[in-house]
Amino acid sequence: MSFKEFIRSLNNDKVEGELVKTIFVSLATSFVVLGILYFLKLRSVENFIPRYGFFMFFAVLSYSLILLSVRHIRAYKEFPCMSGMMIGMTIGFISGFLPGFYIGATNGMFWGSIVGMSFGILFGVWNGKCCGILGIMEGMMAGFMGGLMGGMTAIMMLNDSLRAAAVVVFAISGFILLGLNYMIYTETREMERKHKDDEFFTIFWSLILTVTTTWFMVFGPRSLLFQ
Amino acid sequence: MKYKNLFFGVLTLAIIFVAGIFLIRGENTTPGGNPSGNAQIVKLSVEGGRYILSPSEFKKNVPVRIEADISKMPGCSKSIVISAFNIRKVVSAADNLIEFTPTKTGTFNIACSMNMYRGTFTVV
Chain D
26 MSFKEFIRSL NNDKVEGELV KTIFVSLATS FVVLGILYFL KLRSVENFIP RYGFFMFFAV
86 LSYSLILLSV RHIRAYKEFP CMSGMMIGMT IGFISGFLPG FYIGATNGMF WGSIVGMSFG
146 ILFGVWNGKC CGILGIMEGM MAGFMGGLMG GMTAIMMLND SLRAAAVVVF AISGFILLGL
206 NYMIYTETRE MERKHKDDEF FTIFWSLILT VTTTWFMVFG PRSLLFQ
Chain P
1249 MKYKNLFFGV LTLAIIFVAG IFLIRGENTT PGGNPSGNAQ IVKLSVEGGR YILSPSEFKK
1309 NVPVRIEADI SKMPGCSKSI VISAFNIRKV VSAADNLIEF TPTKTGTFNI ACSMNMYRGT
1369 FTVV
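Quick mapping for you: the protein sequence lines, in order, are chains D and P.
Letter by letter, the first sequence follows residues 26 to 252 in my numbering.
Letter by letter, the second sequence follows residues 1249 to 1372 in my numbering.
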């Protein structure tokens, strides 16, 4: 089961064939929402683009990759324990770390960690439950750790190439999620698809994540350092 | 199906490219305004885990030049943030100056980038 076969499967008419479209729908939804919010409200916020634009951009890209993996996992619903634990850990950590990092960079470590942990634990538990309590616990722990680490890393990088670090962190997370999708692909060759999400699922979650992140970055509480 | 995904792939890249052009712009962290000859000179050091500014009261719209005493600034205290005036700088023996013009009145925070060392100053 080579990686080449996985890449080829992105063109089939099964679960993997929907993944590219999921990224597109997620990005399109998030950027349209962001555009509407910008013209309605955010353009009156002083320095919105220079201050928040960069982190919003990478947050939206990150959410599209996370939702892609979530949708891939939901299609098969149940996994063996080891795979489920890896799924819970990877999704929990990355969906905690990335929002934690971006919000930590604009609102401070406390709020970055709180949002990161909330997203991380939510997604970690939700996806980890594909193998039962082991995956749920793994997702919870990874979400907790990822959220804290994201906020902390952003603050520690504040005066040391924060934006370059954001690009590196995003790229590494993207490769890890790609690896997770490949793992799901290899683990599910003998399985039948059990669930089919329509595009509303992607649109709904992209909307929720983008609006929440935007609200938090621009209007949310912030630590002393950012007041 | 092949062409369908190619279509979505190209569209995805186009969206990323356009949004990136719009959203990615550098934040200006350059101090706002260069001090002229009549700048307010302020000494900065660390005592007991706190930033000490001497004097700690500045005049509005008059340029400020903060001279950091590196010998009294351990660890991350050299990484200074004054978020109210969009200032972030790591001071060193070679460059120990922070220059800006306070454009608003009030009491403002100065902190290290990890928010471990803190201090305040007032603009009147």
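A virtual CB, placed ideally from N, CA and C, is assigned to each residue, including glycine.
Just so we're clear, the structure is a prediction, and the values are computed from it rather than from any experiment.
TODO: Determine the closest residue to I144(D) out of L183(D), I128(D), L203(D), G109(D), with distance taken between C-alpha atoms.
DONE: One-based indexing of the first sequence puts residue 144(D) at position 119. Note that residue 144(D) is Phe in the sequence shown here, rather than Ile. Nearest option by C-alpha distance: I128(D).
TODO: For E1306(P), decide whether its Cβ has a neighbour in chain D, counting only Cβ atoms nearer than 8 Å.
DONE: The count along the second sequence starts at 1 and reaches residue 1306(P) at position 58. The sequence shown places Phe at residue 1306(P), not Glu. So no, F1306(P) is outside the interface.
Task: Rounded C-alpha distance that separates F226(D) from N206(D) - done: In the first sequence, counting from the first residue as 1, residue 226(D) sits at position 201. In the first sequence, counting from the first residue as 1, residue 206(D) sits at position 181. Answer to the nearest angstrom: the Cα atoms are 18 Å apart.
Open item on the list: Please report the straight-line C-alpha distance between S1325(P) and N1363(P), rounded to a whole angstrom.
Closed with: The residue you call residue 1325(P) lines up with position 77 of the second sequence. The residue you call residue 1363(P) lines up with position 115 of the second sequence. Cα-Cα distance, rounded: 9 Å.
Task: N101(D) to L183(D) span [Cα, whole Å] - done: In the first sequence, residue 101(D) corresponds to position 76, counting from 1. In the first sequence, residue 183(D) corresponds to position 158, counting from 1. Checking the sequence shown, residue 101(D) turns out to be Tyr, not Asn. Taking the straight line from one Cα to the other gives about 41 Å.
Task: K1337(P) classed as buried or exposed, judged by whether at least 16 other C-beta atoms fall within 10 angstroms - done: Walking along the second sequence from the start, residue 1337(P) turns up at place 89. It is buried - the Cβ of K1337(P) has at least 16 other Cβ atoms within 10 Å.
Task: 8 Å contact criterion, which C155(D) and G109(D) should meet: CB distance rounded - done: As a first step, residue 155(D) must be located in the first sequence, where it is residue number 130. As a first step, residue 109(D) must be located in the first sequence, where it is residue number 84. Contact flag correct, Cβ pair sits at about 5 Å.
- [ ] Using only alpha-carbon positions, find the residue among K46(D), A84(D), N72(D), G42(D) that is nearest to F195(D).
- [x] By one-based count along the first sequence, residue 195(D) stands at place 170. Checked all of K46(D), A84(D), N72(D), G42(D); the closest Cα to F195(D) is A84(D).
Task: Min CB distance N1363(P) to chain D below 8 Å - done: Numbered from its first residue, the second sequence carries residue 1363(P) at position 115. Output row for N1363(P): interface = yes.
TODO: Determine the contact status of R247(D) and N72(D), defining contact as a CB-CB distance below 8 Å.
DONE: In the first sequence, counting from the first residue as 1, residue 247(D) sits at position 222. In the first sequence, counting from the first residue as 1, residue 72(D) sits at position 47. Not a contact, by the Cβ cut-off of 8 Å.
Open item on the list: Using a Cβ-Cβ distance cut-off of 8 Å, determine whether P1279(P) contacts chain D.
Closed with: Position 31 of the second sequence, counted from the first residue, corresponds to residue 1279(P). Residue placement at P1279(P) cannot be trusted, given a pLDDT of 49 that sits under 50; what the coordinates show is reported in the next sentence. It does not: the Cβ of P1279(P) has no partner Cβ on chain D nearer than 8 Å.
Task: Burial state of T213(D) (16 or more Cβ within 10 Å) - done: Here residue 213(D) is taken as the residue at index 188 of the first sequence, counted from 1. That one is buried.
- [ ] Quick one: give me the first and last residue of the alpha helix (DSSP H) that R1366(P) is part of.
- [x] Counted from its first residue, the second sequence places residue 1366(P) at position 118. Not the alpha helix (DSSP H): R1366(P) falls in the beta strand (DSSP E), residues 1366-1371.
Task: Alpha carbon of I1318(P) to alpha carbon of I1272(P), nearest angstrom - done: Locating residue 1318(P) in the second sequence gives position 70, where the first residue counts as 1. Locating residue 1272(P) in the second sequence gives position 24, where the first residue counts as 1. I1318(P) and I1272(P): Cα-Cα distance of roughly 35 Å.
Task: Neighbour flag for T237(D) against chain P, beta carbons, 8 Å - done: Position 212 of the first sequence, counted from the first residue, corresponds to residue 237(D). Not closer than 8 Å to any Cβ of chain P, the Cβ of T237(D) fails to qualify, so no.
Open item on the list: With a threshold of 8 Å, are at least 3 pairs of Cβ atoms found where one atom belongs to the region 1285-1297 of chain P and the other to the region 1259-1273 of chain P?
Closed with: no
Open item on the list: Please report the straight-line C-alpha distance between G1281(P) and P1311(P), rounded to a whole angstrom.
Closed with: Mapped onto the second sequence, residue 1281(P) falls at position 33. Mapped onto the second sequence, residue 1311(P) falls at position 63. Legend: pLDDT at G1281(P) = 49, less than 50; position of this residue unreliable, no value from coordinates given.
- [ ] Taking only beta carbons into account, state which residues of the region 72-105 of chain D come closer than 8 Å to chain P, listed in chain order.
- [x] N72, I74, P75, R76, G78, F79, M81, F82, V85, L86
TODO: Could you tell me whether the Cβ atoms of I1263(P) and A191(D) are closer together than 8 Å?
DONE: One-based indexing of the second sequence puts residue 1263(P) at position 15. One-based indexing of the first sequence puts residue 191(D) at position 166. The answer is no: Cβ separation not under 8 Å.
Open item on the list: Quick check on this structure: which residue in R1366(P), V1371(P), V1372(P) has the alpha carbon closest to the alpha carbon of R1298(P)?
Closed with: What you label residue 1298(P) is simply residue 50 of the second sequence in a count that begins at 1. It is R1366(P).
TODO: Under 8 Å between beta-carbons, which chain P residues line up against F251(D)? List them in chain order, please.
DONE: For the purposes of this step, residue 251(D) is taken as residue 226 along the first sequence, with counting starting at 1. By Cβ distance, chain P contributes S1331.
Task: Any C-beta of chain D under 8 Å from that of G1257(P) - done: On the second sequence, residue 1257(P) is found 9 positions in, with the first residue counted as 1. Yes, G1257(P) counts as interfacial toward chain D.
Task: Sub-8 Å separation of F113(D) and G149(D) beta-carbons - done: Translated into positions along the first sequence, residue 113(D) becomes position 88. Translated into positions along the first sequence, residue 149(D) becomes position 124. Residue identity differs from the one stated: residue 113(D) is Gly in this sequence, not Phe. Contact: yes.
Task: Closer than 8 Å to chain D by CB, K1352(P) - done: Counting from one through the second sequence, the residue named residue 1352(P) turns up at place 104. Not one chain D Cβ lies under 8 Å of K1352(P).
Task: Straight-line Cα distance separating I139(D) from A130(D) - done: For the purposes of this step, residue 130(D) is identified with residue 105 of the first sequence, where counting begins at 1. For the purposes of this step, residue 139(D) is identified with residue 114 of the first sequence, where counting begins at 1. Approximately 13 Å between the Cα atoms of the pair.
- [ ] Examine chain D for any beta-carbon lying closer than 8 Å to the beta-carbon of I1346(P), and answer yes or no.
- [x] By one-based count along the second sequence, residue 1346(P) stands at place 98. So no, I1346(P) is outside the interface.
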